[in-house]
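Residue numbering for the sequence shown follows UniProt numbering, beginning at 1 and increasing consecutively.
Think of the CB as a built atom: it goes at the ideal place given N, C-alpha and C, for glycine as much as any other residue.
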Amino acid sequence: MEFRIKKAKLNDVHAVAALIRAVWEQMDNREWFVMDEADFLKDVLESGRGFIYMAIDAGTEKLAGVMDILTPGLEKDNLGYDAGFREEKLLRTAHVDSVAILPEYRGMRLQAILMEAAEQELAVKGYRYMMCTVHPDNSFSRNNMVRQGYRAVCRKEKYGGRIRDVMLKELPGII
């Protein structure tokens, strides 16, 4: 199966949010995933504080998965603070905010494919650090991130008291 990776535009936000909701609704452990809503995604795109990649099934044109990336700068929710970063590193830190893949497309490396696209774009833009959070019991997501070069830097409460492992990957220079 082949996929096209493209960046979402404002008119894609509702489809992206619907896919995220569909994935969340099918989860056994919903506390493992904080679902992004359409208004938040729209704000990310309009403000320029990030971007969204979409994986589209090339055969059916169906949206198969999404990944939204945040570039928080010096905002207080920058995960770089959890890694002890100072201003210079904070400004070069991006977050994988959400990844959602429809069940029928899992096991096809879509998360890795989306991540590679995001990391390449961010490296070209001068970002050096990618961060994300994972619920400690979500071994599938945690193992995916470790395979992609992430390591845990701390475990703490995030998102209104939910325990998360804060993960970090240092990007090479331009990929």
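| request: Sort out for me which residues DSSP pairs D28 with in a bridge. | output: Numbered from 1 along the sequence shown, position 28 holds the residue referred to as residue 28. Per DSSP, none; premise fails for D28.
| query | Using DSSP with H/G/I as helix, E/B as strand and the rest coil, what is D77? | reply | As a working mapping, residue 77 is identified with position 77 in the sequence shown. Assignment of D77 by DSSP, reduced to helix, strand and coil, places it in the coil class.
| message | Assuming Y129 and E170 are in contact, meaning their beta carbons sit under 8 Å apart, how far apart are those beta carbons, in whole angstroms? | response | What you label residue 129 is simply residue 129 of the sequence shown in a count that begins at 1. What you label residue 170 is simply residue 170 of the sequence shown in a count that begins at 1. Going by Cβ atoms, the distance from Y129 to E170 rounds to 6 Å, so yes, they are a contact pair.
| field | V134 and R164 closer than 8 Å at C-beta | value | Counting from one through the sequence shown, the residue named residue 134 turns up at place 134. Counting from one through the sequence shown, the residue named residue 164 turns up at place 164. Yes, they are a contact pair.
| said: I'd like the list of long-range same chain contacts for L10, defined as Cβ closer than 6 Å, with 5 residues on each side in sequence excluded. | reply: Position 10 of the sequence shown, counted from the first residue, corresponds to residue 10. Once the five neighbours on either side are set aside, the close Cβ partners of L10 are L45.
| field | Contact check, V66 vs A100, beta carbons under 8 Å | value | Residue 66 sits at position 66 when you count from the first residue of the sequence shown. Residue 100 sits at position 100 when you count from the first residue of the sequence shown. In this structure, A100 lies closer than 8 Å to V66 by Cβ.
| Cross-strand partners of F3 (DSSP beta bridge) | On the sequence shown, position 3 is the one that residue 3 refers to. Partner(s): D57.
| For D97 versus I69, is the C-beta spacing smaller than 8 Å? | Residue numbering aside, residue 97 sits at position 97 when the sequence shown is read from its first letter. Residue numbering aside, residue 69 sits at position 69 when the sequence shown is read from its first letter. Result yes, Cβ atoms of D97 and I69 sit closer than 8 Å.
| Do you know offhand how far K89's Cα is from A152's? | In the sequence shown, residue 89 corresponds to position 89, counting from 1. In the sequence shown, residue 152 corresponds to position 152, counting from 1. Distance between the alpha carbons of K89 and A152: 17 Å.
| Minimum C-alpha distance to R106 - residue among D137, S141, K7, G84 | Here residue 106 is taken as the residue at index 106 of the sequence shown, counted from 1. With distances taken between Cα atoms, R106 lies closest to S141.
| field | Three-state secondary structure (DSSP) of A18 | value | Counting from 1 along the sequence shown, the entry for residue 18 is found at position 18. Helix at A18.
| task | Following the continuous beta strand (DSSP E) through D97, name the residue where it begins and the one where it ends. | result | Position 97 of the sequence shown holds residue 97. From DSSP, the beta strand (DSSP E) with D97 extends over 93 to 101.
| message | By alpha-carbon positions, which one of I52, G73, K156 ends up nearest to A38? | response | Within the sequence shown, the letter at position 38 stands for residue 38. Of I52, G73, K156, the residue nearest in Cα terms is I52.
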